[in-house]
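Basically our numbering = 1-based index in the sequence shown + 31. C-beta: ideal position from N, C-alpha, C; glycine also. Shown next, in structure tokens, is the structure this report addresses.
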Amino acid sequence: MPSVKEVWQGLVKDLKEHSFSSPAREARLLLASVLEVEPSRVYLFWDEELPPPKLTHLHDIFKKRLQGVPIQYLAGEWEFFSLPFRLKKGVFIPRLDTESWVEEAIVYLRSLPEEKIMVCDMGCGSGVIGISCAFWVENLYLYGADISPKAVELSKENAHLLGVEKRSVFLLSDLFSAFPPVKFDVILSNPPYVREEDWDSLSPEIRLYEPREALLAGEEGLDMIERVLKEGESFLKEGGLFFLEHDPEQKEAIQKLADTLFLEYLRSIPDLSGRERASVIRKRRSKNETAYR
């Protein structure tokens, strides 16, 4: 029987031949799934033999990967903001570009003087945004919400995995419809923002496997963004902030939308490519108050 190291080497070779961009990482994730260990622990089994049942399982999931099934679903987990999160088919896959604005949100949250910081992660998916903030900000109390039962259950599982479940509540809710009367210091959201006409241009790996409802948002891609701002305003403290992800081309439309509400558009946050991937929007408190920038 081949050793784990030999199997890993073979996987890397095969993945390279099929032009996957990160063959070594993907091979490690697939092996971790088969071995039922954390990816970082695969090397501890380097010299052990991989028995036939596990080789068969590995062959099956490798075949699915070649068919285009996302590695995140096959591995059952993905790293976000240096933290391990479990993932399941039917729940949106977190993107690396999202980390850029989450990092800025964490810096802002750490600067707040409140003993108990109230944060909402709207459209939480697997919970990576809100849970990452709760993990790195110890006095943060999190409300997460999603319309998908699978997403809500997965968020609860991830909160427990990372030890923030006692400071987290996850609700099955159409935006804020199931929320109690609570006021937040910050509302975080990566809502659906893909335009209908752009659907066919998405990669098959996205179109065929990720949940459509987590991606599409009407003709201009603004339907959910508009709802988050309109409905979220009443749940935000005066002076509180929205951190909102969007398509870079939607920035001007979001600025105009903020102007029609009692909201102040502060600035955009670039993603890893330098494109304006998120916006910081403030609920006005007074005209003369200095804005966070």
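Measure the C-alpha to C-alpha separation of residue i and residue j and round it to an integer number of angstroms.
{"i": "Val100", "j": "His49", "result": "14 Å"}
{"i": "Ala322", "j": "Ala289", "result": "In this prediction, Ala322 has a pLDDT of 45, which is less than 50 and means its spatial position is unreliable; what the coordinates show is noted afterwards. Those two C-alpha atoms are separated by around 15 Å."}
{"i": "Glu280", "j": "Pro83", "result": "51 Å"}
{"i": "Glu38", "j": "Ile102", "result": "Reading off the sequence shown, one finds Val at residue 38, where the question assumed Glu. C-alpha separation (whole angstroms): 17 Å."}
{"i": "Thr87", "j": "Leu81", "result": "10 Å"}
{"i": "Pro246", "j": "Leu206", "result": "First, the amino acid is wrong: residue 246 is Leu here, not Pro. Their backbone Cα atoms lie some 15 Å apart in a straight line."}
{"i": "Lys261", "j": "Ala309", "result": "17 Å"}
{"i": "Ser192", "j": "Pro235", "result": "With the sequence shown as reference, residue 192 is identified as Leu, and Ser is not the correct amino acid for it. So the alpha carbons of these two residues sit roughly 31 Å apart."}
Short check: CB of residue i to CB of residue j, under 7 Å?
{"i": "Ser220", "j": "Ala176", "result": "no"}
{"i": "Asp216", "j": "Met153", "result": "no"}
{"i": "Gly156", "j": "Val122", "result": "yes"}
{"i": "Phe273", "j": "Ile312", "result": "yes"}
{"i": "Pro54", "j": "Leu46", "result": "yes"}
{"i": "Glu269", "j": "Lys197", "result": "no"}
{"i": "Arg226", "j": "Glu251", "result": "yes"}
{"i": "Ile162", "j": "Val133", "result": "no"}
{"i": "Ser131", "j": "Asp302", "result": "yes"}
Among the options, which one has its Cα closest to the Cα of residue i?
{"i": "Leu75", "options": "Tyr139, Ser299 and Lys36", "result": "Lys36"}
{"i": "Lys120", "options": "Ala106, Ser113 and Asp78", "result": "Ala106"}
{"i": "Trp241", "options": "Trp230, Phe51, Ser52 and Ser304", "result": "Contrary to the premise, residue 241 reads as Glu rather than Trp in this sequence. Among Trp230, Phe51, Ser52 and Ser304, the Cα nearest to that of Glu241 is on Trp230."}
{"i": "Lys147", "options": "Ser199, Gly41 and Glu283", "result": "Ser199"}
{"i": "Ile285", "options": "Gly305, Glu257 and Glu264", "result": "Glu257"}
{"i": "Ile184", "options": "Leu118, Ala248 and Val138", "result": "Before going further, note that residue 184 is Glu rather than Ile in the sequence given. Minimum Cα distance to Glu184 is reached at Leu118."}
{"i": "Ile218", "options": "Glu228, Tyr224 and Ile137", "result": "Ile137"}
{"i": "Glu276", "options": "Arg96, Ser113 and Pro125", "result": "Pro125"}
{"i": "Lys228", "options": "Leu253, Ser299 and Arg141", "result": "A small correction: the amino acid at residue 228 is Glu; Lys does not occupy that position in the sequence shown. Of the candidates Leu253, Ser299 and Arg141, the one whose C-alpha sits nearest the C-alpha of Glu228 is Leu253."}
Which stretch, first to last residue, makes up the alpha helix (DSSP H) that contains residue i?
{"i": "Leu61", "result": "Pro54 to Leu66"}
{"i": "Ile237", "result": "Pro235 to Arg238"}
{"i": "Tyr74", "result": "Segment: none, Tyr74 is in no alpha helix (DSSP H) and carries neither H nor E."}
{"i": "Phe207", "result": "Premise fails: Phe207 is in no alpha helix (DSSP H) and is neither H nor E."}
{"i": "Ile124", "result": "It is not in any alpha helix (DSSP H) - Ile124 carries neither H nor E in the DSSP assignment."}
{"i": "Gly41", "result": "Val35 to Glu48"}
Could you tell me the boundaries of the beta strand (DSSP E) in which residue i lies?
{"i": "Asp177", "result": "Leu171 to Asp177"}
{"i": "Val311", "result": "Glu307 to Lys314"}
{"i": "Ile160", "result": "Taken as a continuous stretch (DSSP letters only), Ile160 belongs to no beta strand (DSSP E), being part of the alpha helix (DSSP H) at Val159 to Trp167."}
{"i": "Ser299", "result": "Leu294 to Pro301"}
{"i": "Phe201", "result": "Ser199 to Leu203"}
With DSSP as the reference, please indicate the residues paired to residue i in a beta bridge.
{"i": "Tyr153", "result": "The amino acid occupying residue 153 in the given sequence is Met; Tyr does not appear at that position. Looking at the DSSP assignment, Met153 forms a beta bridge with Ala176 and Ser220."}
{"i": "Trp109", "result": "Phe116"}
{"i": "Leu275", "result": "Ser220 and Ser310"}
{"i": "Phe215", "result": "Leu267"}
{"i": "Ile148", "result": "Leu171"}
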